[in-house]
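Only one structure is covered here, and it is reproduced in the block below.
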Amino acid sequence: MKRALISGASSGLGEAFTKALVKEGYDCVVFARRGDRLKALQDECHDIRNHSVEFFELDALRSDAVDILEAKIKENSWTFDLVINNAGFGYVGDFETMDETVMHDMITLNCTFLTMSTHRLIPYMNPHATFLNVSSLAGEMSGPGMNVYYATKNYVSAFSLACDIEFKSLGLRSLAFIPGPVHTEFGRVAKAGPMKVFNHVPSMDVDLAIKRAIKGLQKKQRFILSQPSHRVLLWLVKGLPRVWVAKAVAKLQSKR
Ligand SMILES: NC(=O)c1ccc[n+]([C@@H]2O[C@H](COP(=O)([O-])OP(=O)(O)OC[C@H]3O[C@@H](n4cnc5c(N)ncnc54)[C@H](OP(=O)(O)O)[C@@H]3O)[C@@H](O)[C@H]2O)c1
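With the sequence shown counted from 1, adding 4 to any position gets you my numbering.
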């Protein structure tokens, strides 16, 4: 039996990943802050396959979060074939007026926890195991109006690729999942409101996004897109001067 560890499984992509992986035959260990949501997910997955999900509550912003994670793993003698570094959040607003605690938490969750937990988890990975890091289209460009979030996702994409090359000698893989807008709680948490970006890049169904992620995972693609058409968008983004793209993003991030 293969085992997956999924962060941020109490809603959105993490929850959908868990259900899809249980259907694929994985046992899943999941964590987030909202234990009631994780319990409901466990019950739902129990209907698909008995005892397929184990969960624990963890606030990844705690300074000892990685220690708690490792202690749980040791206590249960878990090893993993797949780790999905998914927990993350964004926040919309001008950098100048953004709350410093929000920025700090975003960097801590999206970058620091992801990095430190990856480092700590290496000894618990089975041979040929994979880290799947949830980045974003935002990780391929600069994002005025949602500056720090875009920057954190640039970090995730860069980190993921470098890990994939470094991990070759360990027999491990590190892949990046690059979703565009997906219907989850992300927009509410980010206080996104009505932005022009959603007229130009419509949000997609979470289950379809996950179906594509799992297909890409099976094919071991280094960069897995949620929408095949985003390949053209990324081709344009890479081909145009970075500043042009950033100015276009600034317009799209503005209110309708
Ligand atoms: N939806 C999109 O359009 C989109 C597009 C590109 C990339 N992404 C990325 O996809 C990932 C998942 O986001 P989502 O769209 O599924 O949003 P979501 O529905 O808001 O889910 C975020 C998950 O992260 C968990 N989380 C947040 N803070 C946490 C903390 N301090 N400790 C532990 N877990 C925490 C949340 O659980 P609790 O609140 O229960 O802790 C929740 O399960 C994120 O990395 C996001 O950047 C999303």
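No residue lacks a Cβ here, since even glycine has one placed at the ideal position from N, Cα and C.
For residue 221, which of 258, 182, 245 has the nearest alpha-carbon? Residue numbering aside, residue 221 sits at position 217 when the sequence shown is read from its first letter. For residue 221, the closest alpha carbon among the candidates 258, 182, 245 is that of 182.
If you scan the stretch 70 to 123 from start to end, which runs of the alpha helix (DSSP H) of 4 or more residues do you find wholly inside it? Positions of the alpha helix (DSSP H) runs, each at least 4 residues long and wholly inside the stretch 70 to 123, are given as 104 to 111 in order along the chain.
Alpha helix (DSSP H) runs wholly inside the stretch 147 to 192, at least 4 long, in chain order: Whole alpha helix (DSSP H) segments, 4+ residues: 151 to 170.
Have a look at 162, 125, 113 and flag the residue whose alpha-carbon is nearest the alpha-carbon of residue 83. Your numbering for residue 83 matches position 79 in the sequence shown. Ranking 162, 125, 113 by Cα distance to residue 83 puts 125 first.
Threshold first: 3 residues or longer. Then list the beta strand (DSSP E) segments lying entirely within the stretch 15 to 79, N to C. Entirely contained in the stretch 15 to 79, the beta strand (DSSP E) runs reaching 3 residues are, in chain order, 31 to 36, 57 to 61.
Could you give the distance in angstroms between the alpha-carbon of residue 175 and the alpha-carbon of residue 167? Taking the first residue of the sequence shown as 1, we reach residue 175 at position 171. Taking the first residue of the sequence shown as 1, we reach residue 167 at position 163. Those two C-alpha atoms are separated by around 11 Å.
What are the boundary residues of the alpha helix (DSSP H) that residue 236 is part of? Numbered from 1 along the sequence shown, position 232 holds the residue referred to as residue 236. Per DSSP, the continuous alpha helix (DSSP H) segment holding residue 236 begins and ends at 234 to 243.
Assuming residue 266 and residue 92 make a contact with CB atoms under 8 Å, what is their CB distance in whole Å? Outside the shown range of the chain (5 to 260) lies residue 266, about which nothing can therefore be said.
To the nearest angstrom, how far is it from the Cα of residue 141 to the Cα of residue 184? Taking the sequence shown and counting its residues from 1, one reaches residue 141 at position 137. Taking the sequence shown and counting its residues from 1, one reaches residue 184 at position 180. About 5 Å.
Under the rule that 16 or more other beta-carbon atoms within 10 Å means buried, what is residue 240, buried or exposed? What you label residue 240 is simply residue 236 of the sequence shown in a count that begins at 1. The residue in question, residue 240, is exposed, as its Cβ has fewer than 16 Cβ neighbours within 10 Å.
Hey, would you say the C-beta of residue 124 is under 7 Å away from at least one heavy atom of ligand 1? Position 120 of the sequence shown, counting from 1, holds the residue named residue 124. For ligand 1, not one heavy atom lies less than 7 Å from the Cβ of residue 124.
N-terminal and C-terminal residue of the alpha helix (DSSP H) that residue 256 is part of: Along the sequence shown, read from residue 1 onward, the residue named residue 256 stands at position 252. Counting along the chain, the alpha helix (DSSP H) containing residue 256 begins and ends at 246 to 257.
For residue 165 and residue 224, believed in contact at Cβ under 8 Å, the rounded distance: In the sequence shown, the residue the question calls residue 224 occupies position 220. In the sequence shown, the residue the question calls residue 165 occupies position 161. About 13 Å; that fails the 8 Å criterion.
Please classify residue 19: is it buried, with 16 or more other beta-carbons within 10 angstroms of its beta-carbon, or exposed? On the sequence shown, position 15 is the one that residue 19 refers to. By the 10 Å Cβ count, residue 19 comes out buried.
Three CB pairs or more closer than 8 Å across the stretch 43 to 52 and the stretch 71 to 83: No contact exists between the stretch 43 to 52 and the stretch 71 to 83.
Quick check on DSSP: helix, strand or coil for residue 131? Position 127 of the sequence shown, counted from the start, is the residue given in the question as residue 131. DSSP places residue 131 in strand when its eight states are reduced to three.
In the DSSP assignment, the alpha helix (DSSP H) including residue 221 goes from what residue to what residue? Residue 221 sits at position 217 when you count from the first residue of the sequence shown. Bounds of the alpha helix (DSSP H) holding residue 221 are 210 to 222.
Are the C-beta of residue 224 and some C-beta of chain B separated by less than 8 Å? Of the protein chains in this structure there is only one, and it is not chain B.
In three-state DSSP terms, what is residue 194? The sequence position of residue 194 within the sequence shown is 190, counting from 1. It is coil, neither helix nor strand.
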